[in-house]
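Add 208 to a position in the sequence shown, counting from 1, and you land on the number used in our numbering. So the structure is just underneath, and the comments pick up after that.
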Amino acid sequence: MDKRGESVVTIPVTGMTCASCVRRVERALSKREGVAGANVNFAAEKATVEYDERVTSPEDLVGTIEGAGYGADVRETSFGVTGMTCASCVGRVERALRKVPGVLDAGVNLANERATVRHLGGEVEPSDLEKAVEGAGYGVVSPGGEGGGEAVSEDARERGYRDLRRDFAVAAALTVLILIGSLPHMLGFPIPLSMPVLNWALLALATPVQFWAGRRFYRGAWGALRHGQANMNTLVVVGTSAAYLYSAVATLAPGLFAGAGGRADVYFDTSSLIVALILLGRLLEARAKGRTGEAIKKLAGLRAKTARVLRDGGETDVPVEDVRVGDVVVVRPGEKIPVDGRVVSGESAVDEAMITGEPIPVVKRTGDEVIGATINTTGSFRFEATKVGKDTALSQIVRMVEEAQGSKAPLQRLADRVSAVFVRAVIALALVTFGVWLVFGPEPAFTFALLNTVAVLIIACPCAMGLATPTSIMVGTGKGAESGILIKGGEALESAHKLDTVVLDKTGTLTKGRPELTDVVATVGLPDDDLLRLVASAERGSEHPLGEAIVRDAKDRGLALAEATAFEAVAGGGIRAEVEGRSILVGNRRLLSESGVGEDGLLPRAEELARGGKTPMLVAVDGRPVGLVAVADIVREESEEVVERLHSLGLEVAMLTGDNHNTAEAIAKELGIDRVLAEV
209 MDKRGESVVT IPVTGMTCAS CVRRVERALS KREGVAGANV NFAAEKATVE
259 YDERVTSPED LVGTIEGAGY GADVRETSFG VTGMTCASCV GRVERALRKV
309 PGVLDAGVNL ANERATVRHL GGEVEPSDLE KAVEGAGYGV VSPGGEGGGE
359 AVSEDARERG YRDLRRDFAV AAALTVLILI GSLPHMLGFP IPLSMPVLNW
409 ALLALATPVQ FWAGRRFYRG AWGALRHGQA NMNTLVVVGT SAAYLYSAVA
459 TLAPGLFAGA GGRADVYFDT SSLIVALILL GRLLEARAKG RTGEAIKKLA
509 GLRAKTARVL RDGGETDVPV EDVRVGDVVV VRPGEKIPVD GRVVSGESAV
559 DEAMITGEPI PVVKRTGDEV IGATINTTGS FRFEATKVGK DTALSQIVRM
609 VEEAQGSKAP LQRLADRVSA VFVRAVIALA LVTFGVWLVF GPEPAFTFAL
659 LNTVAVLIIA CPCAMGLATP TSIMVGTGKG AESGILIKGG EALESAHKLD
709 TVVLDKTGTL TKGRPELTDV VATVGLPDDD LLRLVASAER GSEHPLGEAI
759 VRDAKDRGLA LAEATAFEAV AGGGIRAEVE GRSILVGNRR LLSESGVGED
809 GLLPRAEELA RGGKTPMLVA VDGRPVGLVA VADIVREESE EVVERLHSLG
859 LEVAMLTGDN HNTAEAIAKE LGIDRVLAEV
């Protein structure tokens, strides 16, 4: 093997159980093109591979091990990166991280200032990644453990935004004065001050804009220069400094230009306006970055803060971060379930709308799974924690949104490759521009050459190239998450125009996501309003969404509700209560049967309502069936129009729901949906 491409990597291997496994892994690696030698240590569970990095890569070697039926310990670390200003910075950080031994791949997102590194477990330490980034001239925030790093902290981001706003305010105010003071130069009208005095005044105003408000550009350019690099800050500094220094010399020593046959014109307005406008762009960019994090904050805010855990024979309130797998957690009515788990005792109805979108609480009994951040509505129960911290369902949703916001679309990868060589190309083009105008331009040739060089440097700043795509992905995925739409990543977003089928959730998407009363059916000569008043009075003590819908409708009709006593919520059945001395039962067939009430006369009508996608509730007064009420999650006003517009685009529309087939088919028929997948 050519020594120039020779490299060695140690890969942790999992799944080996005997010596034959060792031989199998070694044979698979040795057959790989570009591999000079492979040695597998069974005791250490590691493979040491010599390979030609021009032919293969650690990522390919990991794939070979997995293809042989074994695993490789591959981990992912995320952390914040500070000091990046353009797409060329992204490429520089990515190249530095990929050079770290044991790193398989590295991706950096400029919009959320976050780096995600895939590396071999045990072979790469956070300090190795930190040194690589700092060696490239940038800063690191919290290079933590697997998948748990944070991007630039909220406090640091807010501080940076305030500083940027202050710098822009100062630059804008002084630039306005400079522009006003430059009018005599541009328009040639007389003023009380002599030109030298006016130029001195403009110099005094432009200096703080250039070196105080614009200091961040000089710091960034110097940091890049120390590492032999050039970035967007370099373009800004070279362009504005050229205009400023030319104008300063014209002010301080105008005779130099007169002696050379030129004019001592000043261009403080050019340098100051450029600094102010680029600061404005940075300010708008920082504002957009701050807003894109709001969706993740809202999702994370759904978590419970504390948990009631059984420890040492008693109940103890602990921070949710301290809950361990295997802990038994107590949940009371109205409380959030702190982590994911399995019910071990008790029975209740749990509102899982946060996860599933279904508005009707789900009955949970011993052995059923519960999800963290969902809400317990009625009874108390105990459950054993099975997933905590970053493993809970909510944490995985948050992580998915973060990964989507940090992912790169194919178009962005192309922009990053172009930007990697863009700055050097622009500087070269600016030098050519200066030379051509200096030789062939009209008099004063130096002035024209300078101004056109500054124009090339400033106009070519590749800010948008590195920011437009990632920022749009961040905004799109963030807004989607706020609306209950989880976008997997930039590639999915960019390829969405190739879709031929759109699958819509039912609850909360096609429907309002909140039950409403649809039918009141009295069967014994009782007026409908009287039946509704009795049912609503009984349901006043209920926290169930169906009961709340009945009470809400009764109040909207202006019915005077009575006080209910002896209220009892029967999980999975309905409610019992005393209203005006009468015993009221409202619920399903099982509740009435267990209470000794015959319901046969109500069943045909109840089944008809159920086929129409409604939830019927049977009503009995003093042990006698008197009627029923029905509640449904009704279709949103705009759903039919949305389905029609999707059809007009040539798309097939399908509906996916955990609800029953009758309800799903009824709504699909109403909206003209092509395909239904129910009870999933």
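C-beta atoms are modelled at their ideal positions from N, C-alpha and C, and glycine is treated no differently. Here the structure is a predicted model, which means the values were calculated and not measured.
Exercise for review: Could you give the DSSP three-state label for H869: helix, strand or coil?
Suggested key: In the structure shown, H869 sits in a helix (DSSP, three-state: H, G or I).
Exercise for review: Take V736 and list the residues in its own chain whose beta-carbon comes closer than 7 Å to its own, dropping the five residues that flank it on each side.
Suggested key: Rather than Val, the amino acid found at residue 736 in this sequence is Asp. Same-chain partners within the cutoff: V728, A730.
Review point. Would the beta-carbon of S588 fall within 8 Å of that of V539?
Key: Yes; because the gap between Cβ atoms is below 8 Å, this pair is in contact.
Review point. Between the beta-carbon of P569 and the beta-carbon of D559, is there less than 8 Å?
Key: Against a cut-off of 8 Å, the Cβ pair of D559 and P569 comes out as a contact.
Check your understanding: What whole-angstrom Cβ distance do D924 and R240 have, given they're in contact under 8 Å?
Key -> The structure shown does not extend to residue 924, since the chain spans only 209 to 888, so no value can be given for it.
Exercise for review: Determine, using beta carbons only, whether R590 and G534 come nearer to each other than 8 Å.
Suggested key: Result no, Cβ atoms of R590 and G534 do not sit closer than 8 Å.
Check your understanding: Does the region 816-827 touch the region 704-718, meaning 3 or more C-beta pairs lie closer than 8 Å?
Key -> At 8 Å Cβ cutoff, the stretches do not touch.
Check your understanding: Excluding the five sequence neighbours on either side, which residues of its own chain have a C-beta within less than 6 Å of the C-beta of G291, listed in chain order?
Key -> Sequence-distant Cβ neighbours of G291 in its own chain, meaning closer than 6 Å and more than five residues away, are Y346, G347.
**Study point:** Straight-line Cα distance separating V743 from F287
**Key:** Distance between the alpha carbons of F287 and V743 is about 56 Å.
Point to revise | DSSP beta-bridge partners of I792 | key: Answer is A785, V829.
Check your understanding: Which residue comes first and which comes last in the alpha helix (DSSP H) that contains R424?
Key -> 423-434 is the span of the alpha helix (DSSP H), which, as asked, contains R424.
Point to revise | Other residues of its chain near G330: CB distance less than 8 Å, five sequence neighbours each side excluded | key: Closer than 8 Å at the Cβ level, and outside the excluded window around G330, lie P220, D281.
Practice item. Determine, using beta-carbon pairs with one atom in the region 763-779 and one in the region 744-755, whether at least three such pairs fall under 8 Å. Key: Proximity of the region 763-779 to the region 744-755 meets the contact definition, three or more beta-carbon pairs being nearer than 8 Å.
Check your understanding: Hey, is the region 472-489 in contact with the region 369-383, meaning 3+ C-beta pairs nearer than 8 Å?
Key -> Counting Cβ pairs under 8 Å, three or more are found: they touch.
Review point. With 16 other CB atoms within 10 Å as the buried threshold, where does T272 fall?
Key: Burial call: buried.
**Study point:** Segments of 4+ residues assigned as alpha helix (DSSP H) that fall wholly inside the region 679-756
**Key:** Whole alpha helix (DSSP H) segments, 4+ residues: 698-702, 736-747.
**Study point:** Alpha-carbon to alpha-carbon, G643 and S402
**Key:** Cα to Cα, S402 sits roughly 34 Å from G643.
**Study point:** Alpha-carbon to alpha-carbon, V349 and E358
**Key:** The predicted position of E358 is uncertain, since its pLDDT is 47 and thus under 50; a value taken from the coordinates is nonetheless stated next. One C-alpha to the other measures close to 7 Å.
Point to revise | Below-8 Å beta-carbon distance, G288 vs any chain C residue | key: The displayed structure is made up of one protein chain only, and chain C is not part of it.
Exercise for review: Consider the C-beta atom of A746 and the heavy atoms of the ligand ADP; say whether any pair is separated by less than 7 Å.
Suggested key: No copy of the ligand ADP appears in this structure; indeed no ligand is present at all.
Practice item. Grab me the residues of R232's own chain with a C-beta within less than 7 Å of its C-beta, minus the 5 sequence neighbours each way, in chain order. Key: Same-chain partners within the cutoff: A276.
Check your understanding: So does the region 406-413 actually touch the region 511-518, counting three or more Cβ pairs closer than 8 Å?
Key -> Counting Cβ pairs under 8 Å, fewer than three are found: no touch.
Practice item. Determine, using beta carbons only, whether F654 and L646 come nearer to each other than 8 Å. Key: For the 8 Å CB-CB criterion, F654 and L646 form a contact.
Practice item. Report back the beta-carbon spacing between G795 and G782 to the nearest angstrom; my notes put them in contact at under 8 Å. Key: 2 Å between Cβ atoms; contact.
Practice item. Out of T225, V263, M608, E234, point me to the one whose CA is closest to E214's CA. Key: Considering only alpha carbons, the answer is V263.
Check your understanding: Can A432 and T442 be called in contact, C-beta distance under 8 Å?
Key -> Yes.
Practice item. Please state if the CB of A874 and the CB of A886 are separated by a distance shorter than 8 Å. Key: Cβ atoms of A886 and A874: not closer than 8 Å.
Check your understanding: If you draw a straight line from the alpha carbon of V640 to that of A414, how long is it in whole angstroms?
Key -> One C-alpha to the other measures close to 28 Å.
Review point. Relative to the alpha-carbon of G858, which residue among E786, H705, A768 has its alpha-carbon at the smallest distance?
Key: If we check each option's Cα against that of G858, H705 comes out closest.
**Study point:** Cβ neighbour criterion (16 or more within 10 Å) applied to H327
**Key:** With 16 or more Cβ atoms within 10 Å of its Cβ, H327 is classed as buried.
**Study point:** Unbroken beta strand (DSSP E) run spanning T272, endpoints
**Key:** Counted as a single uninterrupted DSSP element, the stretch harbouring T272 is not any beta strand (DSSP E) but the alpha helix (DSSP H) occupying residues 266-275.
**Study point:** According to DSSP, residues forming a beta bridge with G806
**Key:** DSSP output for G806 lists no bridge partner at all.
Check your understanding: Rounded to a whole number of angstroms, what is the C-alpha to C-alpha distance between K687 and I605?
Key -> Approximately 15 Å, taken between the alpha carbons.
Check your understanding: Helix, strand or coil for G223 per DSSP?
Key -> Coil, per DSSP.
Exercise for review: Note down the Cα distance separating R370 from E724, rounded to an integer number of angstroms.
Suggested key: Straight-line measurement puts the Cα of E724 at about 47 Å from the Cα of R370.
Exercise for review: Return the Cβ separation of K714 and M863 in integer angstroms, given the expectation that the two are a contact with Cβ distance under 8 Å.
Suggested key: Their Cβ separation, rounded to whole angstroms, is 6 Å, which keeps K714 and M863 in contact under 8 Å.
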